[in-house]
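>
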Amino acid sequence: MSMPVVAIVGRPNVGKSTIFNRIVGERISIEEDVPGVTRDRIYGKGEWLNVEFNIIDTGGIDIGDEPFLEQIRWQAQIAIDEADVIIMITSGRDGVTATDEEVAKILYRSKKPVVLAVNKVDNPEMRDQIYDFYSLGFGDPFPISGSHGLGLGDLLDEVVKHFPNKADADYDEDVIKFSLIGRPNVGKSSLVNAILGEERVIVSDIAGTTRDAVDSPYTYEGQNYVIMDTAGIRKKGKVYESTEKYSVLRALRAIERSDVVLVVIDAEEGIIEQDKRIAGLPHEAGRGVIIVVNKWDAIEKDEKTMNEFEKKIRNQFLFLDYAPIIFVSAKTKKRLHTLIPMIKLVSENHSLRVQTNVLNDVIMDAVAMNPTPTDKGKRLKIYYITQVSVKPPTFVLFVNDPELLHFSYERFLENRIRDAFGFLGTPIRIIPRARK
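Residue numbers (UniProt numbering): 1 to 436.
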């Protein structure tokens, strides 16, 4: 099931980011200069009453040189598109402003549940100032103080009440769910159209979730597939195409609902930093990964070009050394027929289970070939290994002391497991545990 999404909306300087940081906890609200998407200021995870949810701070979405009011309209629109519940933040110190009324109008038309919070109510005497906010038409305003953390419990109680009960579109276990991610204009949209156009057995687009993400199911050689969130891929326009943070947000959501993720790269432009950031997302989420180089028709080639491009990818995406690379052209449909069988293979590997006795034979052979390391005179002892889950395949390795399992030796064991069982396209996890 996909996690509910909460968006924080409001005019500038009402304290949206402070509230966001309070809800997600300080661990995510690390300053911008730290690389890595999970620390991006606009997107985080919160939890209240044992319910986890994603939260967006629309104030972190910067839409270039647009006039002040236009910016806020865009931010409100993103909240409407993405969220199950919207928190509108206003300021108790300023009272109801014309801009608050403008934001309220946009949100009112959305038909999404809106919870109104009046921030900067830092002491009980100020509570009388919240009554004006009833005029915005969202029912009881919740007085809060982001800087002191007051009133947030009541606010979140109300937010959680509005979460949808509906699970994601229920797809059968045997349906393979995949998504395409990549920075704007790498050809995700054309690839979706080319895939759906080539295997013309399309069921009509169905609404995938409460957030109107549209999924496109189809069948190929008897296997059912669903391309997740094709609506998100096809979104165009200034805000969606130019905002890197927005494309990351969208990618995270598509990944959450997929078994296999296609990371799309533009052959003409080559690899840039943003590609690496986006490609790290499915790896961290433990999804199957295929790297798809699109627009291959536009490249002047000789017999070495493909090998050289592949080397570049391997050098830049060291963490995805298990991911197959496919060169295609959505425009000419060249090599497109190789894509779906590869998605099927990666999906099978992603849910592959290995017998414990065979697995232990492989590990013991590996140890015989390359003995375990020592640290300060103490040698790592491996007792046995067992697979505890799939999607991604996860193994628990019972040892005398987990601290002795150096990263390089763990990598060696992972490679031996891959040599023996394949696991092409899927990350695998090894968790060392001390034997009691």
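Glycine included, each C-beta is placed from N, C-alpha and C at the ideal position.
Select from 221, 252 and 257 the residue whose C-alpha is nearest the C-alpha of residue 227.
Comparing Cα-Cα distances from residue 227 to each of 221, 252 and 257, the minimum goes to 257.
> Where do the N-terminal and C-terminal ends of the alpha helix (DSSP H) with residue 417 fall, by residue?
First-last of the alpha helix (DSSP H) with residue 417: 407-421.
> Should residue 53 go down as buried or exposed, given a rule of 16 or more other Cβ atoms within 10 Å for buried?
Classification of residue 53: buried, given that the 10 Å Cβ count is 16 or more.
> Quick check on this structure: which residue in 386, 108 and 129 has the alpha carbon closest to the alpha carbon of residue 118?
Minimum Cα distance to residue 118 is reached at 129.
> State the DSSP-derived secondary structure class of residue 80, mapped to helix, strand or coil.
In the structure shown, residue 80 sits in a helix (DSSP, three-state: H, G or I).
> Kindly indicate which residue of 368, 410, 283 and 23 has the alpha-carbon position closest to the one of residue 147.
The shortest Cα separation from residue 147 among 368, 410, 283 and 23 belongs to 23.
> Measure how close the beta-carbons of residue 151 and residue 142 come, nearest whole angstrom, since I'm counting them as under 8 Å.
Confirmed, about 6 Å.
> Exposed or buried, what is residue 283 when buried is set at 16 or more other beta-carbons lying within 10 Å of its beta-carbon?
Flag for residue 283 reads buried.
> Give the DSSP bridge partners of residue 398, in chain order.
Answer by DSSP bridge pairing, in chain order: 384 and 433.
> Considering only C-alpha positions, which residue in the set 86, 387 and 330 is nearest to residue 360?
Answer by Cα proximity: 387.
> Which residue comes first and which comes last in the alpha helix (DSSP H) that contains residue 117?
Looking at the DSSP string, residue 117 is not in any alpha helix (DSSP H); the run it does join, the beta strand (DSSP E), is 114-119.
> Mark residue 431 as exposed unless 16 or more other C-beta atoms lie within 10 angstroms of its C-beta, in which case mark it buried.
By the 10 Å Cβ count, residue 431 comes out exposed.
> If you reduce the DSSP assignment to three classes, tell me which class residue 235 lands in.
Note that residue 235 scores 49 on pLDDT, short of 50, meaning its location in the model is unreliable; the coordinates nonetheless yield the value given after this. In this structure, residue 235 counts as coil in the three-state DSSP scheme.
> Note the first and the last residue of the continuous alpha helix (DSSP H) segment covering residue 18.
Residue 18 -> alpha helix (DSSP H) spans 16-24.
> Please go through the same chain and pick out, in chain order, the residues whose beta-carbon is closer than 8 Å to the beta-carbon of residue 323, but skip the five residues on each side of it.
The residues are 263, 289, 290, 291, 317 and 425.
> Are the Cβ atoms of residue 328 and residue 320 separated by less than 8 Å?
Their beta carbons are not under 8 Å apart, which means residue 328 does not touch residue 320 by this criterion.
> Quick one: residues in its chain with C-beta nearer than 7 Å to the C-beta of residue 413, no 5 flanking neighbours on either side, listed in chain order?
Excluding positions up to five away in sequence, the list reads 363, 366 and 430.
> Three-state secondary structure (DSSP) at residue 379?
If DSSP states are grouped into helix, strand and coil, residue 379 belongs with the strands.
> Look up residue 9 in the DSSP assignment and say whether it is helix, strand or coil.
Correct three-state label for residue 9: strand.
> Thinking C-alpha only, which one of 405, 180 and 296 is nearest residue 433?
Nearest C-alpha to residue 433: 405.
> With distances taken between CB atoms, is the gap from residue 80 to residue 10 smaller than 8 Å?
No. Outside cutoff.
> Look up residue 53 in the DSSP assignment and say whether it is helix, strand or coil.
Residue 53 falls in the strand class under three-state DSSP.
> So residue 266 is in the alpha helix (DSSP H); what residue range does that whole segment cover?
Element bounds for residue 266: not the alpha helix (DSSP H) but the beta strand (DSSP E), 260-266.
> From what residue to what residue does the alpha helix (DSSP H) around residue 160 run?
Residue 160 -> alpha helix (DSSP H) spans 152-161.
> For residue 271, which three-state DSSP category applies?
Coil at residue 271, not helix or strand.
> Looking only at its chain, what residues have a beta carbon closer than 8 Å to the beta carbon of residue 390, apart from the 5 residues adjacent to it on each side?
The residues are 350, 351, 352 and 353.
> Candidates 348, 19, 172 and 185: which alpha carbon is nearest residue 121's?
With distances taken between Cα atoms, residue 121 lies closest to 19.
> Count the other C-beta atoms from every protein chain shown that fall within 10 angstroms of the C-beta of residue 217, then say buried if there are 16 or more, exposed otherwise.
It counts as buried.
> Would you list the residues sitting across from residue 227 in a DSSP beta bridge?
In DSSP, residue 227 forms a bridge with 178 and 216.
> Would you mind reading off the limits of the alpha helix (DSSP H) that contains residue 327?
Careful: residue 327 lies outside any alpha helix (DSSP H), inside the beta strand (DSSP E) at 325-327.
> Quick check: what's the CA-CA separation for residue 83 versus residue 3?
Cα-Cα distance, rounded: 11 Å.
> Thinking C-beta only, is residue 156 closer than 8 Å to residue 48?
Yes, the pair counts as a contact, with Cβ atoms nearer than the cut-off.
> Let me make sure I understand the geometry here. Which of 309, 302, 281 and 253 has the alpha-carbon closest to that of residue 270?
That would be 309, whose Cα lies nearest to the Cα of residue 270.
> Assuming residue 281 and residue 181 are in contact, meaning their beta carbons sit under 8 Å apart, how far apart are those beta carbons, in whole angstroms?
With a Cβ gap of about 7 Å, residue 281 and residue 181 count as contacting.
> Would you say residue 325 and residue 313 are within 8 Å of each other, going by their C-beta atoms?
Yes. Within cutoff.
> What is the DSSP secondary structure of residue 354, reduced to helix, strand or coil?
Coil at residue 354, not helix or strand.
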